[in-house]
């Protein structure tokens with residue numbers, strides 16, 4: 006992937022916005038082939054802790070703020086998670102991600118997840134990722150030292166529209182977590198969700 010930062014100028018953005026969808030898709034295809042070739046990566050995830058999340062993200066069925074039928078359970082055991090990692094490897098996944106509900110993990114929970122990551126690495130030849138919410142650099146470094154290679158943390162939407170999506174944490178906190186993961190030496194996978202009520206300008210801003 007190209008590591009050179011390029012911030013598009015307004016006229017470049019307007020040029021892209023004026024393209025027909027098929028032309029835009031062709032440009033995206035060429036960019037993908039240029040920087041990634043024909044390779045792609047498969048990632049399997051496990052919902053390691055589900056439901057009763059303190060955050061009010063309006064798209065999420067795991068939020069305790071809404072009445073949903075999502076399963077609710079505490080952190081799964083290391084044995085269950087390692088078994089899921091083995092299954093992911095068997096079906097061809099190259100990455101295995103541990104995902105938990107909640108604002109983020111405290112030091113005790115981080116230590117438990119670090120131990121699980123170490124168990125996975127000792128038994129399964131697969132790269133381990135995680136999506137654990139808002140975290141600081143110290144805890145992320147602990148996970149990296151345990152063997153974590155990538156952290157998933159979406160921006161979700163633009164800074165301007167974010168208050169319409171979540172109010173229990175800020176857009177800046179999400180950016181700070183991404184920066185902390187980078188500082189900790191982790192790869193970062195970050196994206197957003199389309200169709201939350203945002204405008205095209207919000208998508209470009211994101």
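In the working numbering, the protein residues as written are 6 to 211.
Cβ atoms here follow ideal geometry from the backbone N, Cα and C, with glycine treated the same way.
| Query | Result |
| --- | --- |
| Stretch-stretch touch, CB-based, cutoff 8 Å, three pairs: the segment 141-154 with the segment 164-172 | no |
| Length of the line joining the Cα atoms of residue 50 and residue 22 | 34 Å |
| Alpha carbon of residue 7 to alpha carbon of residue 39, nearest angstrom | With a pLDDT of only 42 at residue 7, under 50, the local geometry of the prediction cannot be trusted, and no value is derived from it. |
| Pick from 129, 139 and 200 that is closest to residue 112, judged by C-alpha positions | 139 |
| Residue 60 and residue 204 closer than 8 Å at C-beta | no |
| Beta strand (DSSP E) segment containing residue 155, residue limits | 153-157 |
| Burial state of residue 41 (16 or more Cβ within 10 Å) | exposed |
| Cα-Cα separation, residue 91 to residue 82 | 14 Å |
| Residue 192, enclosing beta strand (DSSP E) - first and last residue | 192-194 |
| Pick from 96, 24 and 33 that is closest to residue 130, judged by C-alpha positions | 96 |
| Contact under 8 Å by Cβ, residue 196 with residue 159 | yes |
| Length-filtered (3 minimum) beta strand (DSSP E) runs lying within the segment 105-137 | 132-136 |
| Whole-number beta carbon distance between residue 118 and residue 103, since they are thought to touch under 8 Å | 6 Å |
| Terminal residues of the alpha helix (DSSP H) in which residue 83 lies | 83-95 |
| Bounding residues of the alpha helix (DSSP H) (the contiguous stretch that carries residue 37) | 26-41 |
| Of the residues 25, 209, 77 and 134, the one placed nearest residue 162, counting alpha carbons only | 209 |
| The beta strand (DSSP E) enclosing residue 49, as first and last residue numbers | 48-54 |
| Beta-carbon spacing of residue 193, residue 187 below 8 Å | yes |
| For residue 101, three-class secondary structure by DSSP | strand |
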